[in-house]
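Asks: Let me give you the structure first, and then I'll get to my questions.
Numbering (UniProt numbering), first residue to last: 1 to 84.
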């Protein structure tokens with residue numbers, strides 16, 4: 001989602017879906033601490049905050065994208081795996 005550009009908190013929450021506001025805040029803070037996400041605060045009224053991927057975050061996204069594609073390509077087979 002952030003690979004397409006910066007998003008505001010509300011946009012992120014709508015995009016992610018089933019997540020509480022508190023949990024999203026905690027996850028964003030962890031991603032910031034890890035250097036994967038940048039939080040930009042604009043000094044305006046009303047307040048505006050945007051989240052975007054850092055260069056480090058984009059590099060992780062580039063590394064994970066093939067895994068996501070593999071998962072999509074093999075979804076039926078993965079779902080058929082019997083777990084005990």
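Glycine included, C-beta positions come from ideal geometry on N, C-alpha and C.
1. With a cut-off of 8 Å on the beta carbons, I'd call residue 87 and residue 28 a contact; round off their distance for me.
2. Roughly how many angstroms lie between the CA atoms of residue 72 and residue 4, to the nearest whole one?
3. Where does residue 31 fall in DSSP's three states?
4. Here's the rule: buried if 16 or more other CB atoms are within 10 angstroms of the residue's CB, otherwise exposed. What is residue 16?
5. Measure the beta-carbon distance from residue 60 to residue 36 and round it to whole angstroms, keeping in mind my assumption that it falls under 8 Å.
6. Just verifying my parser: in three-state terms, what is the DSSP assignment at residue 101?
7. Using a 10 Å radius around the Cβ and a threshold of 16 neighbouring Cβ atoms, would you call residue 26 buried or exposed?
8. Which residue's Cα is closest to the Cα of residue 87: 2, 8, 1?
Replies: From the atom records:
1. Past the boundaries of the shown model lies residue 87; the chain is included only from 1 to 84, so the question cannot be answered.
2. 20 Å
3. Correct three-state label for residue 31: helix.
4. exposed
5. Taking C-beta atoms under 8 Å as the contact rule, residue 60 and residue 36 qualify, at a distance of about 6 Å.
6. The first residue shown for the chain is 1 and the last is 84, placing residue 101 beyond what the model contains.
7. exposed
8. Nothing about residue 87 can be reported from this structure: the residues present for the chain run from 1 to 84 only.
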